[in-house]
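Under our numbering, the first residue of the sequence shown carries the number 23, and numbering increases by one thereafter.
Glycine is no exception: its CB is placed at the ideal position from the N, C-alpha and C atoms.
Model, not experiment: these values are computed from the prediction.
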Amino acid sequence: EGGCLKGEVARVAANILAYQLEREASVRICLGDAATGDSGFVKLVQDASQTIVIEGCFMHCGTQIMKTRIADFEPEIVEASQFLDFDRDKYFEIFDLPRAEIDQYAQKVADYTQRLKFQGKGDDTLNPETSTCATCSSCR
């Protein structure tokens, strides 16, 4: 979850997944607290049998932040930017797109993550380790 539009899509997707689609099977942590506090989020992640991080883009900021607390942190990553088809040079800030569009993109990411990571279904060809979004100046 970051300050840009891609991070917002990832944040909303994580909320949809944890609070609606897989409420009984998942937990959403507070990244800020996990990085700076000692409320139990780090232990929760360390004790989890599976950790999924929905990242906004190829930089994987959330994962890198968690690695400051858990050196061997190796989550399963779903990169939300693979589902975004807007011009990322034109639309960057959270308020650049209407909330309804952000929510639609987030729903796509959450649905994909549910199918792939919770139901074992779906196409795993979207590999965040080898892909870039190729539509913004950072990836070209």
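{"query": "C-alpha distance - R121 paired with P97, whole-angstrom precision", "result": "28 Å"}
{"query": "For I100: DSSP bridge partner residues", "result": "The residue you asked about is not Ile; residue 100 is Val in the sequence shown. DSSP, once it has assigned bridges, lists I76 as partnering V100."}
{"query": "Chain-order list of residues whose beta-carbon lies under 7 Å from that of Y127 (same chain, five-residue window excluded)", "result": "V31, F105, L106"}
{"query": "Test item: CB-CB of V131 and A47 under 8 Å", "result": "no"}
{"query": "Selected residue, minimal CA-CA separation from E123, among R137, G59, R91, F108", "result": "F108"}
{"query": "Paired residues, beta bridge with C26 - DSSP", "result": "E115"}
{"query": "Member of G29, C26, I38 whose CA lies at the smallest distance from the CA of Q136", "result": "I38"}
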